[in-house]
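Shown next, in structure tokens, is the structure this report addresses.
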Amino acid sequence: MYTTLLVQTENGICTVTINRPEKLNALNKAVFDDLDTIVDDIQHNPDIKSVIITGAGTKAFVAGADITEFNGFTKEQAKALAKRGQDIFFKIETSSKPIVAAVNGFALGGGCELAMACHFRVASDNAKFGQPEVNLGLIPGYGGTQRLVQLVGKGKALELLISAQMIDAHEAKQYGLVNYVTTPESLLQRTKEILTIINSKAPLAVAACIKAANAVFDETKDGYHAEIEEFGNAFATEDMKEGTAAFLEKRKADFKGK
Ligand code: COA
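If you want my numbering, it's the position in the sequence shown, counting the first as 1, plus 384.
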């Protein structure tokens, strides 16, 4: 079904592995098409509660946009590519199901941008992050100038953007770019442990948290108003009745996502 992705779902967690290890999982047109499709498929699949995106092999998460596809691009074609990348990454960011990046090596350029579009990041201690586009006479095109500023602040983001300097996983954690650093061997297991906790929570409330948090960075929305709306909506869910009843009855809630 997907030509560039390996997909495995277990215990409600769908692991999506970008599978071009010989090209360090660089994002070409086929990977974009597959990512676009799978993010939609995930929303409609009742077996999936949350998602991990990772890269095949031991070396790279994603080493960027596929530079070989840039050859001969006009200004207009380049803009269309940036728009396509931004649209797909926006779809990831606004997914109602949590999507976490398990960064298992180089996350450069579009790879760093993909990781930043995910809801949060877990990294192995061999991971390296960077936006090296200025080395190529380019700038990030898939939201990197925006999300890096959001995640690490303007000063550090601009330094990384204009120096093309790579940072390791520990430094990335220090700046808030990643939440946890693990060994490469335990990366997927650790990420699954975190998602198992999240998967036990009320799915509609989880989705509402994502929506309200995204509203902070959406200038067309008032985040506080979005929070009021989502808070109100939660009161109309069966899960809210179940969650509060379970608390009062001192039992574990059984959420149905309704
Ligand atoms: N686009 C297309 N191909 C890429 C790629 C990319 N972004 N990144 C790596 N590859 C390919 C290499 O061309 C090479 O292919 P080949 O074996 O057919 O020559 C293969 O992946 C392995 O990469 P290589 O450069 O040999 O590995 P390395 O360990 O020496 O270096 C990196 C690793 C990540 C430092 C280096 O590949 C690199 O700088 N990649 C580009 C990063 C970048 O600028 N990304 C932003 C793009 S806008």
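Note that the Cβ used here is the ideal one computed from N, Cα and C, for glycine as well.
As assigned by DSSP and simplified to three states, the class of residue i
{"i": "Phe-669", "result": "Within the shown structure, residues of the chain are numbered from 385 to 642, placing residue 669 beyond reach of any answer."}
{"i": "Ile-551", "result": "strand"}
{"i": "Thr-580", "result": "helix"}
{"i": "Thr-478", "result": "coil"}
{"i": "Arg-505", "result": "strand"}
{"i": "Lys-628", "result": "The amino acid at residue 628 is misidentified as Lys; the sequence shows Thr. Note: Thr-628 maps to helix in three-state DSSP."}
{"i": "Asn-519", "result": "helix"}
{"i": "Leu-408", "result": "coil"}
{"i": "Asn-473", "result": "Per the sequence shown, the amino acid found at residue 473 is Phe instead of Asn. Correct three-state label for Phe-473: helix."}
{"i": "Lys-467", "result": "helix"}
{"i": "Gly-539", "result": "helix"}
{"i": "Thr-604", "result": "coil"}
{"i": "Ala-637", "result": "coil"}
{"i": "Met-645", "result": "Any property of residue 645 remains undetermined from this structure, which presents the chain solely from 385 to 642."}
DSSP beta-bridge partners of residue i
{"i": "Ile-436", "result": "Thr-399, Val-484"}
{"i": "Gly-560", "result": "Bridge partners of Gly-560: none, in fact."}
{"i": "Ala-491", "result": "Val-446, Phe-513"}
{"i": "Val-565", "result": "Ala-507"}
Terminal residues of the beta strand (DSSP E) in which residue i lies
{"i": "Gln-392", "result": "389 to 394"}
{"i": "Val-446", "result": "444 to 446"}
{"i": "Phe-454", "result": "Run containing Phe-454: none; DSSP gives neither H nor E here."}
{"i": "Arg-531", "result": "Careful: Arg-531 lies outside any beta strand (DSSP E), inside the alpha helix (DSSP H) at 528 to 536."}
Host alpha helix (DSSP H) of residue i (start-end)
{"i": "Lys-595", "result": "587 to 599"}
{"i": "Ala-414", "result": "413 to 428"}
Cβ pair residue i, residue j closer than 7 Å
{"i": "Ile-432", "j": "Thr-393", "result": "yes"}
{"i": "Asn-510", "j": "Gly-439", "result": "no"}
{"i": "Ala-449", "j": "Phe-513", "result": "no"}
{"i": "Glu-622", "j": "Lys-636", "result": "no"}
{"i": "Gly-495", "j": "Val-435", "result": "no"}
{"i": "Ala-586", "j": "Glu-614", "result": "no"}
{"i": "Ala-589", "j": "Ala-620", "result": "no"}
{"i": "Ile-363", "j": "Leu-579", "result": "With the chain covering 385 to 642 only, the question about residue 363 has no answer from this structure."}
{"i": "Pro-524", "j": "His-503", "result": "no"}
{"i": "Asn-412", "j": "Ile-402", "result": "no"}
{"i": "Phe-416", "j": "Ile-472", "result": "yes"}
{"i": "Gln-461", "j": "Tyr-526", "result": "no"}
{"i": "Leu-545", "j": "Gln-515", "result": "yes"}
{"i": "Phe-490", "j": "Ala-444", "result": "yes"}
{"i": "Asn-583", "j": "Ala-548", "result": "no"}
{"i": "Ala-610", "j": "Ala-592", "result": "no"}
{"i": "Val-423", "j": "Lys-475", "result": "yes"}
{"i": "Glu-643", "j": "Ala-501", "result": "Examination of residue 643 is not possible in this model, given that the chain is present from 385 through 642 alone."}
{"i": "Asp-418", "j": "Thr-388", "result": "yes"}
{"i": "Thr-643", "j": "Val-506", "result": "Nothing in the structure corresponds to residue 643, since the chain is present only between 385 and 642."}
{"i": "Leu-572", "j": "Ala-486", "result": "yes"}
{"i": "Leu-532", "j": "Gly-560", "result": "no"}
Closer than 7 Å to chain D by CB, residue i
{"i": "Glu-453", "result": "This model lacks chain D altogether; it includes just one protein chain."}
Please write down, chain order preserved, every residue whose beta carbon lies under 7 Å from a heavy atom of the ligand COA. Glu-406, Lys-407, Leu-408, Ala-410, Lys-443, Ala-444, Ala-447, Gly-448, Ala-449, Asp-450, Ile-451, Thr-452, Phe-490, Leu-492, Gly-493, Gly-494, Pro-516, Glu-517, Asn-519, Leu-520, Leu-522
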